[in-house]
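Those letters in the sequence shown? Residues 0 to 309, by numbering that gives the first Met the number 0. Down below is the structure, laid out as structure tokens.
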Amino acid sequence: MNMQMESVLPNGFVLEKAQNMMHGTYRGITFLIVPMEAENQYHVQIYAEVEKNPNKDTFLRSFSSIGQKYPFVHHTSYNGSDMVSVYVVSGGQDDKANLMAAIAAAASECEMYEIHNCCAHCKNVVPLHAAAVDNAPLLICDSCFSQMMNRTGSTAARKENPLPGIIGAVLGVLIGSALWIAIAQIGFIAGIAGLAIVFCGMKGYEVLGGKLSKKGIVICIILSCLVILGAEFVSLAIAVYREMNKMYELTFTEALSWMPEVIQRPQTIVIIVKDLVVGYLLTIWASFAKLKSVWHQVGEVPAQHHIVRF
Ligand SMILES: [Zn+2]
Numbered sequence: 000m001n002m003q004m005e006s007v008l009p010n011g012f013v014l015e016k017a018q019n020m021m022h023g024t025y026r027g028i029t030f031l032i033v034p035m036e037a038e039n040q041y042h043v044q045i046y047a048e049v050e051k052n053p054n055k056d057t058f059l060r061s062f063s064s065i066g067q068k069y070p071f072v073h074h075t076s077y078n079g080s081d082m083v084s085v086y087v088v089s090g091g092q093d094d095k096a097n098l099m100a101a102i103a104a105a106a107s108e109c110e111m112y113e114i115h116n117c118c119a120h121c122k123n124v125v126p127l128h129a130a131a132v133d134n135a136p137l138l139i140c141d142s143c144f145s146q147m148m149n150r151t152g153s154t155a156a157r158k159e160n161p162l163p164g165i166i167g168a169v170l171g172v173l174i175g176s177a178l179w180i181a182i183a184q185i186g187f188i189a190g191i192a193g194l195a196i197v198f199c200g201m202k203g204y205e206v207l208g209g210k211l212s213k214k215g216i217v218i219c220i221i222l223s224c225l226v227i228l229g230a231e232f233v234s235l236a237i238a239v240y241r242e243m244n245k246m247y248e249l250t251f252t253e254a255l256s257w258m259p260e261v262i263q264r265p266q267t268i269v270i271i272v273k274d275l276v277v278g279y280l281l282t283i284w285a286s287f288a289k290l291k292s293v294w295h296q297v298g299e300v301p302a303q304h305h306i307v308r309f
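This is the structure:
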């Protein structure tokens with residue numbers, strides 16, 4: 000059934016055709032009304048500061064009694080943070096009168112318990128505007144509205160700085176490699192650590208470079224391959240150090256200085272090659288899907304939210 004919004008518009012309310020919603024203020028309370036075609040109901044919403052109100056429990060109990068008082072009210076609800084709702088069944092020519100009765104009942108409950116409208120974002124009780132973000136109606140204050148507008152503008156304007164980005168990526172992969180080395184100490188090669196290296200790198204690039212691009216992702220992948228090689232070498236040095244330390248007193252630097260000789264031994268080469276092959280394969284396996292989605296995301300223009308204030 001197609002719910003006719005024009006004919007049910009409560010007196011003094013405004014219909015926003017493009018967003019398919021109604022809004023208006025009754026006795027100081029601003030209401031948003033959204034038709035729910037599938038349920039054949041109107042969702043009457045009040046963004047309200049309920050949580051900090053000392054009468055919260057009594058108010059909610061009293062508010063829910065609206066459902067018992069009026070047969071056309073399907074039910075009432077509270078979302079647990081900032082919205083009380085009345086669901087009005089759509090039944091034909093009485094819809095307008097029913098909506099107005101529900102609004103009057105809800106407004107007097109709010110009045111009685113000193114419940115006021117609040118901003119859907121910051122929850123502050125300040126002057127508010129009805130608005131729609133990506134066609135979802137809400138009540139919003141001036142400062143949250145301008146913040147939202149700035150945010151959508153600023154993500155689009157963010158510039159990429161490759162050099163700080165690369166520095167960030169290097170720091171990131173080094174942090175990630177610590178996990179690789181730690182896991183290697185308990186005898187595992189974990190693809191998840193490879194994933195951590197790649198992603199710490201990309202995060203580092205994004206934080207210091209301002210924006211992650213496809214070029215940035217390629218740099219991070221190359222850096223990750225190199226750092227995995229380095230992490231494998233360090234893990235091996237730690238293993239040698241532990242093994243040798245059982246027999247001799249030696250420092251980790253000494254163990255490191257032996258490494259060029261150690262890695263030339265055939266049995267070590269076998270271990271290194273096996274670790275690296277398994278390590279790289281696991282890393283590719285763990286990161287492939289995620290990398291693919293990030294790769295596609297960075298190519299796109301950042302999603303623009305469509306914000307309208309009424
Ligand atoms: Zn706000």
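Backbone N, C-alpha and C fix where the C-beta goes; we use that ideal spot for every residue, glycine too.
**OP:** Could you check which residue in GLY190, PRO163, ALA236 and GLU231 has the C-alpha nearest to that of GLU205?
**Re:** Here residue 205 corresponds to residue number 206 of the sequence shown, with the count starting at 1. Measuring from the Cα of GLU205, the nearest candidate turns out to be PRO163.
Original post:
So what does ILE32 bridge to, in DSSP terms?
Top reply: The residue given as residue 32 occupies position 33 in the sequence shown. The partner list for ILE32 (beta bridge, DSSP) reads MET21 and VAL43.
**OP:** Just the C-alpha distance for HIS22 and CYS140, rounded to the nearest angstrom, thanks.
**Re:** By one-based count along the sequence shown, residue 22 stands at place 23. By one-based count along the sequence shown, residue 140 stands at place 141. Rounded to whole angstroms, the gap between the alpha carbons of HIS22 and CYS140 is 15 angstroms.
**OP:** Using only the heavy atoms of ligand 1, determine whether one of them is closer than 7 angstroms to the beta carbon of ILE139.
**Re:** Along the sequence shown, one-based indexing puts residue 139 at 140. Yes - ligand 1 has a heavy atom lying nearer than 7 angstroms to the Cβ of ILE139.
**OP:** Pick out whichever of ALA236, GLN146, LEU222 and VAL132 has its Cα sitting closest to the Cα of ILE180.
**Re:** For the purposes of this step, residue 180 is identified with residue 181 of the sequence shown, where counting begins at 1. Per the Cα distances, ALA236.
**OP:** Report whether the distance from the Cβ of SER142 to the nearest heavy atom of ligand 1 is below 7 angstroms.
**Re:** The residue you call residue 142 lines up with position 143 of the sequence shown. Taking 7 angstroms as the cut-off, one finds at least one heavy atom of ligand 1 near enough to the beta carbon of SER142.
Subject >> Meets three-Cβ-pair contact criterion under 8 angstroms: the segment 100 to 114 and the segment 41 to 54 >> reply: Taking 8 angstroms as the limit for Cβ pairs, the verdict is that the segment 41 to 54 does touch the segment 100 to 114.
Original post:
Quick one, are the C-beta atoms of ILE220 and VAL197 less than 8 angstroms apart?
Top reply: The residue labelled residue 220 in the question sits at position 221 within the sequence shown. The residue labelled residue 197 in the question sits at position 198 within the sequence shown. Judged by their CB atoms, ILE220 and VAL197 are nearer to each other than the 8 angstroms cut-off.
**OP:** Please confirm whether VAL169 and LEU211 have their CB atoms less than 8 angstroms apart.
**Re:** One-based indexing of the sequence shown puts residue 169 at position 170. One-based indexing of the sequence shown puts residue 211 at position 212. Not a contact, by the Cβ cut-off of 8 angstroms.
**OP:** Assign MET148 to buried or exposed, taking buried as 16 or more other Cβ atoms, counted over all protein chains shown, within 10 Å of its Cβ.
**Re:** Taking the sequence shown and counting its residues from 1, one reaches residue 148 at position 149. Result: exposed.
Original post:
Candidates THR75, GLU159 and TYR86: which alpha carbon is nearest ALA37's?
Top reply: Start at 1 with the first residue of the sequence shown, and residue 37 comes out as number 38. Ranking THR75, GLU159 and TYR86 by Cα distance to ALA37 puts TYR86 first.
**OP:** Evaluate TYR247 with the Cβ neighbour count: other Cβ atoms within 10 Å of its Cβ, from every protein chain shown; 16 or more gives buried, anything less gives exposed.
**Re:** In the sequence shown, counting from the first residue as 1, residue 247 sits at position 248. If you draw a 10 Å sphere on the C-beta of TYR247, you find fewer than 16 other C-beta atoms in it, and that means exposed.
Original post:
Distance, Cα to Cα, ASP133 vs HIS305?
Top reply: Against the sequence shown, residue 133 aligns to sequence position 134. Against the sequence shown, residue 305 aligns to sequence position 306. Taking the straight line from one Cα to the other gives about 5 angstroms.
Original post:
Straight-line CA distance for PHE232 to LYS291?
Top reply: Reading the sequence shown from its first residue, position 233 is the one you call residue 232. Reading the sequence shown from its first residue, position 292 is the one you call residue 291. Cα to Cα, the separation comes out at about 29 angstroms.
Subject >> Proximal residues to LYS245 (C-beta, below 6 angstroms), its chain only, five neighbours per side dropped >> reply: Within the sequence shown, numbered from 1, the residue matching residue 245 stands at position 246. The answer is none, since no qualifying residue turns up.
Original post:
Does ligand 1 have a heavy atom nearer than 7 angstroms to the CB of ASN123?
Top reply: For this step, residue 123 is matched to residue 124 along the sequence shown. Under cutoff, so the answer is yes.
Subject >> Same chain, Cβ closer than 6 angstroms to SER234, neighbours up to 5 away in sequence not counted >> reply: Counted from its first residue, the sequence shown places residue 234 at position 235. So the qualifying residues of the chain are ILE180 and ALA183.
**OP:** In the DSSP assignment, find the beta strand (DSSP E) that holds ARG308 and state where it starts and stops.
**Re:** Translated into the one-based positions of the sequence shown, residue 308 becomes position 309. Run containing ARG308: 306 to 308, per the beta strand (DSSP E) assignment.
**OP:** Indicate the three-state DSSP secondary structure (helix, strand or coil) for CYS117 in the structure shown.
**Re:** As a working mapping, residue 117 is identified with position 118 in the sequence shown. Here CYS117 carries a coil assignment [DSSP, helix/strand/coil].
Subject >> Burial state of ALA288, where buried means 16 or more other Cβ atoms lie within 10 Å >> reply: The residue labelled residue 288 in the question sits at position 289 within the sequence shown. ALA288 is exposed by the Cβ-count criterion.
Original post:
Rounded to a whole number of angstroms, what is the C-alpha to C-alpha distance between ASN19 and VAL125?
Top reply: Translated into positions along the sequence shown, residue 19 becomes position 20. Translated into positions along the sequence shown, residue 125 becomes position 126. In this structure, the CA atom of ASN19 is about 26 angstroms from the CA atom of VAL125.
Original post:
What is the rounded straight-line gap between the Cα of TRP257 and the Cα of PHE251?
Top reply: Counting from one through the sequence shown, the residue named residue 257 turns up at place 258. Counting from one through the sequence shown, the residue named residue 251 turns up at place 252. Answer to the nearest angstrom: the Cα atoms are 10 angstroms apart.
Original post:
What residues match up with HIS74 in a beta bridge as DSSP calls it?
Top reply: The residue given as residue 74 occupies position 75 in the sequence shown. Bridge partners of HIS74: TYR86.
Subject >> CB of GLY193 within 8 angstroms of CB of SER286, strictly >> reply: By one-based count along the sequence shown, residue 193 stands at place 194. By one-based count along the sequence shown, residue 286 stands at place 287. It is a contact, given that the beta carbons lie within the stated cut-off.
Original post:
Near HIS295, what residues of its chain come up, given a Cβ to Cβ distance below 8 angstroms and the 5 sequence neighbours on each side ignored?
Top reply: Here the question's residue 295 lines up with position 296 in the sequence shown. The beta carbon of HIS295 lies closer than 8 angstroms to none in the same chain, with the five residues before and after it left out.
Subject >> Residue interval of the beta strand (DSSP E) (run including ILE139) >> reply: In the sequence shown, residue 139 corresponds to position 140, counting from 1. Per DSSP, the continuous beta strand (DSSP E) segment holding ILE139 begins and ends at 135 to 140.
Original post:
If you drop the 5 nearest sequence neighbours on each side, which residues of the same chain put their C-beta closer than 7 angstroms to that of GLY208?
Top reply: If you number the sequence shown from 1, residue 208 lands on position 209. These residues qualify, in order along the chain: GLU159, ASN160, PRO161, PRO163, GLY164, GLY167 and GLY215.
Original post:
In the structure shown, what three-state DSSP assignment does ALA129 receive?
Top reply: Locating residue 129 in the sequence shown gives position 130, where the first residue counts as 1. Of the three classes helix, strand and coil, the one that applies to ALA129 here is strand, per DSSP.
Original post:
How big is the Cα-Cα spacing for GLY171 and LEU275?
Top reply: Locating residue 171 in the sequence shown gives position 172, where the first residue counts as 1. Locating residue 275 in the sequence shown gives position 276, where the first residue counts as 1. So the two alpha carbons sit approximately 20 angstroms from each other.
**OP:** Run the CB neighbour count on PRO34, radius 10 Å, all protein chains shown included, and call it buried at 16 or more, exposed below.
**Re:** Locating residue 34 in the sequence shown gives position 35, where the first residue counts as 1. PRO34 is buried by the Cβ-count criterion.
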